[in-house]
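Data first, discussion second: the structure below is written as structure tokens.
Protein chains: 2
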Amino acid sequence: MLRLSGNDGERADAARNRRLLLEAAARIVELYGPEKLTMDEVARHAGVGKGTLFRRFGNKTGLIHALLDQSGRDFQAAFMFGPPPLGPGAAPVDRLRAFGEASIRRCDFQGQLLRAAQEGPEALSHPTQRLARQHLGLLLREAGTTGDLELAAYELSAYLNAGLLIHLQEERRMPHERLIAGWHELVERFLPR
Amino acid sequence: MLRLSGNDGERADAARNRRLLLEAAARIVELYGPEKLTMDEVARHAGVGKGTLFRRFGNKTGLIHALLDQSGRDFQAAFMFGPPPLGPGAAPVDRLRAFGEASIRRCDFQGQLLRAAQEGPEALSHPTQRLARQHLGLLLREAGTTGDLELAAYELSAYLNAGLLIHLQEERRMPHERLIAGWHELVERFLPR
DNA sequence: AGTGTAACCGGACCGTAGTCCACTTTATTC
DNA sequence: GAATAAAGTGGACTACGGTCCGGTTACACT
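Written as structure tokens, this is what we have:
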């Protein structure tokens, strides 16, 4: 078989099941919260076998990434091509500040899913994480920061990790504004003196 | 029963089983590596029921913390009471540098266990983590750093997270020296200008 | 020694992530 | 429209972490 005609090389029934599974997963999260998102339940609600679910998304973090895909793409588009201060056009420092603010804001809405997506040792290697670090590194370079920019990008993105932000908000009871101020302060420390 | 005489309020058989379980766990890690450390196997090797294992250590991260306890205590004693530059007596900046170096060195030996111990949402609340952050915050204050020192301590300790260090070493192939240099650079950024 | 009781013990049991593979469906080709 | 091969499917199965609870044991007090 040559698979020339297919839209994405995905068979029609497979595409339908992908849609069913994503809808079921989204519904479960919306109705019962992310902690009730089990692979068995998703498959059951979608009226589909478990094997199908794992074939489509690989594993649970794969499914969660697929759920976050749309908002992730929006976010990426915003900081790469959108209007300033997040997108190009503003000063690098302002873009850095805006990037953190947007990340923290996003965490307010999708924190639990974001945290779940960042579990496991391979999370740091995921394309979206790499892209964010690359972006941070680029902005640092433009801002005139010197030194090991790759490590600097890791350090900055560590602060924006959903697990850390949730801990600070829920365990340490830090208000939103303090986290933002902390980000601004951190960015400041990375600027050339 | 008053439980006055007992050494630690732990019954003799319980103490014996704790020892057996820790020895079994240590042997499994040594012989087969941390990824083979399953609760069933530990209980089986110790010749003890699974319920006993969970009663003693609560959960898997509890067992791992118990395994790391000795080296953890040594480390804590070293940076709180030991000789400079890690312990008191040296300049705060030098103590900060030494703290990171010691953490990175420790990660070289026990990285996999340390990473496993830091999984889960409650890891950041664990006493050893809190103590490390408190120590970092104190050194920053002594070094004259201004701003939100609590957040600053979180940011510094994020760099020393075993999961991140292992990722940088194994995935990004960064040599030991680069990680050390990165730590020194990071500390530098937190010093008053 | 005898006794009461709190602590301990073991292993059956549960929920969840992830694997496996015999069977079915789809799409292409002739 | 029949043959065919690749892709898809579903549910039984495994491994693992963690819970539960009826039975047992060590210890303090008499």
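Line by line, the protein sequences are chains G and L.
Heads up: the first sequence begins at 1 in the working numbering, then just goes up one per residue.
Heads up: the second sequence begins at 1001 in the working numbering, then just goes up one per residue.
Virtual Cβ for every residue (Gly too), placed ideally from N, Cα, C.
- [ ] Could you tell me whether the Cβ atoms of Arg106/G and Phe75/G are closer together than 8 Å?
- [x] For the purposes of this step, residue 106/G is taken as the residue at position 106 of the first sequence. For the purposes of this step, residue 75/G is taken as the residue at position 75 of the first sequence. Less than 8 Å divides the Cβ of Arg106/G from the Cβ of Phe75/G.
Task: 8 Å contact criterion, which Leu140/G and Ala152/G should meet: CB distance rounded - done: As a working note, residue 140/G is residue 140 in the first sequence. As a working note, residue 152/G is residue 152 in the first sequence. Contact between Leu140/G and Ala152/G holds, since their C-beta atoms are separated by about 6 Å, short of 8 Å.
Open item on the list: Comparing C-alpha positions only, which one of Glu30/G, Tyr159/G, Arg44/G sits nearest to Gln110/G?
Closed with: Here residue 110/G refers to the residue found at position 110 when the first sequence is read from its first residue. By alpha-carbon distance to Gln110/G, the top candidate from Glu30/G, Tyr159/G, Arg44/G is Glu30/G.
Open item on the list: I'd like to know whether the C-beta atoms of Asp13/G and Gly1182/L end up nearer to each other than 8 Å.
Closed with: Position 13 of the first sequence, counted from the start, is the residue given in the question as residue 13/G. Position 182 of the second sequence, counted from the start, is the residue given in the question as residue 1182/L. It is not a contact, given that the beta carbons lie outside the stated cut-off.
Task: Selected residue, minimal CA-CA separation from Tyr154/G, among Pro83/G, Ala123/G, His167/G, Lys50/G - done: Here residue 154/G refers to the residue found at position 154 when the first sequence is read from its first residue. Tyr154/G has its Cα closest to that of Ala123/G, out of Pro83/G, Ala123/G, His167/G, Lys50/G.
TODO: Give the DSSP-derived three-state secondary structure of Ala1091/L in the structure shown.
DONE: For the purposes of this step, residue 1091/L is taken as residue 91 along the second sequence, with counting starting at 1. If DSSP states are grouped into helix, strand and coil, Ala1091/L belongs with coil.
Open item on the list: Does the CB of Arg189/G have a neighbour CB from chain L at under 8 Å?
Closed with: The residue you call residue 189/G lines up with position 189 of the first sequence. By the rule that beta-carbons nearer than 8 Å mark a contact, Arg189/G touches chain L.
Open item on the list: Is the beta carbon of Leu53/G closer than 8 Å to that of Leu21/G?
Closed with: Indexing the first sequence from 1 puts residue 21/G at position 21. Indexing the first sequence from 1 puts residue 53/G at position 53. Yes. Within cutoff.
Open item on the list: Residues of chain L with CB closer than 8 Å to the CB of Ser125/G, please, in chain order.
Closed with: Along the first sequence, read from residue 1 onward, the residue named residue 125/G stands at position 125. The contacting residues are His1167, Glu1171.
Task: Spatially closest choice to Ala24/G from Ala43/G, Leu96/G, Lys36/G, Glu10/G, by CA coordinates - done: Taking the first residue of the first sequence as position 1, residue 24/G is located at position 24. The shortest Cα separation from Ala24/G among Ala43/G, Leu96/G, Lys36/G, Glu10/G belongs to Ala43/G.
TODO: Could you list which residues in chain L have their beta carbon closer than 7 Å to that of Gly163/G, in chain order?
DONE: As a working mapping, residue 163/G is identified with position 163 in the first sequence. Within 7 Å Cβ-Cβ: Pro1121.
TODO: With a threshold of 16 other CB atoms inside 10 Å of the CB of Ser125/G, please say whether the residue is buried or exposed.
DONE: As a first step, residue 125/G must be located in the first sequence, where it is residue number 125. Answer is exposed; the Cβ neighbour count stays below 16.
TODO: Going by CA-CA distance only, name the one from Thr61/G, Arg193/G, Gly72/G, Lys50/G that's closest to Leu131/G.
DONE: For this step, residue 131/G is matched to residue 131 along the first sequence. Among Thr61/G, Arg193/G, Gly72/G, Lys50/G, the Cα nearest to that of Leu131/G is on Gly72/G.
TODO: Output, in chain order, the set of chain L residues within a Cβ distance shorter than 8 Å of Asp148/G.
DONE: Residue numbering aside, residue 148/G sits at position 148 when the first sequence is read from its first letter. Simply Arg1178, Ala1181, Gly1182, Glu1185.
Task: Assigned secondary structure, Pro192/G (DSSP; H/G/I helix, E/B strand, else coil) - done: To locate residue 192/G, count along the first sequence from 1; it is residue 192. DSSP places Pro192/G in coil when its eight states are reduced to three.
TODO: Return helix, strand or coil for Arg173/G, following the three-state DSSP convention.
DONE: Residue mapping note: residue 173/G aligns to position 173 of the first sequence, counting from 1. DSSP places Arg173/G in coil when its eight states are reduced to three.
- [ ] Can you pull the chain L residues whose beta carbon is under 8 Å from the beta carbon of Arg97/G, in chain order?
- [x] Taking the first residue of the first sequence as 1, we reach residue 97/G at position 97. Residues of chain L passing the Cβ test: none, with the nearest at roughly 15 Å.
- [ ] Starting from Leu1151/L, find everything on chain G with Cβ-Cβ shorter than 7 Å and list it in chain order.
- [x] Taking the first residue of the second sequence as 1, we reach residue 1151/L at position 151. Those within 7 Å of Leu1151/L in chain G are Gly182.
Open item on the list: Just verifying my parser: in three-state terms, what is the DSSP assignment at Val1048/L?
Closed with: The sequence position of residue 1048/L within the second sequence is 48, counting from 1. Coil, per DSSP.
Open item on the list: Is Gly62/G close to the ligand HEM? I mean its beta-carbon at under 7 Å from any heavy atom of the ligand.
Closed with: Annotation note on the ligand HEM: not contained in the displayed structure, which lists no ligands.
- [ ] Give a yes or no on whether the minimum CB-CB distance between Arg3/G and chain L is below 8 Å.
- [x] The sequence position of residue 3/G within the first sequence is 3, counting from 1. With a pLDDT of only 42 at Arg3/G, under 50, the local geometry of the prediction cannot be trusted, and the value read off the model is given with reservation. Judged by the 8 Å Cβ criterion, Arg3/G is not in contact with chain L.
Open item on the list: Give me the residue from Leu96/G, Tyr159/G, Glu177/G with the minimum Cα distance to Leu138/G.
Closed with: On the first sequence, position 138 is the one that residue 138/G refers to. Closest option to Leu138/G, Cα to Cα, is Leu96/G.
- [ ] For His1184/L, I'd like the list of residues in its chain whose CB is within less than 7 Å of its CB, leaving aside the five on either flank, ordered along the chain.
- [x] One-based indexing of the second sequence puts residue 1184/L at position 184. Cβ neighbours of His1184/L beyond the five flanking positions: Arg1097.
Task: C-beta atoms of Ala1066/L and Leu1086/L nearer than 8 Å - done: One-based indexing of the second sequence puts residue 1066/L at position 66. One-based indexing of the second sequence puts residue 1086/L at position 86. It is not a contact, given that the beta carbons lie outside the stated cut-off.
Task: Other residues of its chain near Pro1092/L: CB distance less than 7 Å, five sequence neighbours each side excluded - done: Taking the first residue of the second sequence as 1, we reach residue 1092/L at position 92. Non-local C-beta neighbours of Pro1092/L in its own chain, meaning closer than 7 Å and more than five positions away in sequence, comprise Leu1139, Glu1142, Ala1143, ordered along the chain.
Task: Cβ shell of Asp40/G (< 7 Å), same chain only, five flanking positions each side left out - done: On the first sequence, position 40 is the one that residue 40/G refers to. Result list for Asp40/G: Lys50, in chain order.
Task: Close beta carbons around Ile104/G, own chain, < 8 Å, minus the five adjacent residues each side - done: Within the first sequence, the letter at position 104 stands for residue 104/G. Closer than 8 Å at the Cβ level, and outside the excluded window around Ile104/G, lie Leu160, Leu165, His176, Leu179, Ile180, Trp183.
Open item on the list: Strictly below 7 Å CB to CB, what residues from chain L border Arg193/G?
Closed with: Counted from its first residue, the first sequence places residue 193/G at position 193. Under the 7 Å cutoff, chain L gives Arg1193.
Task: Cβ neighbours of Leu1113/L in the same chain (closer than 8 Å, five flanking residues each side left out) - done: One-based indexing of the second sequence puts residue 1113/L at position 113. Counting only Cβ-Cβ distances below 8 Å, and skipping sequence neighbours, we find Val1029, Pro1034, Ile1064, Leu1067, Leu1068.
Open item on the list: Just to confirm, is the Cβ distance from Thr196/G to Ala117/G under 8 Å?
Closed with: Residue 196/G is absent from the structure shown; chain G starts at 1 and stops at 193.
Open item on the list: I want to verify the contact list: residues of chain G whose CB lies under 8 Å from the CB of Ala1077/L, in sequence order.
Closed with: The sequence position of residue 1077/L within the second sequence is 77, counting from 1. Those do not exist, as Ala1077/L stays about 27 Å from chain G at its closest Cβ, beyond 8 Å.
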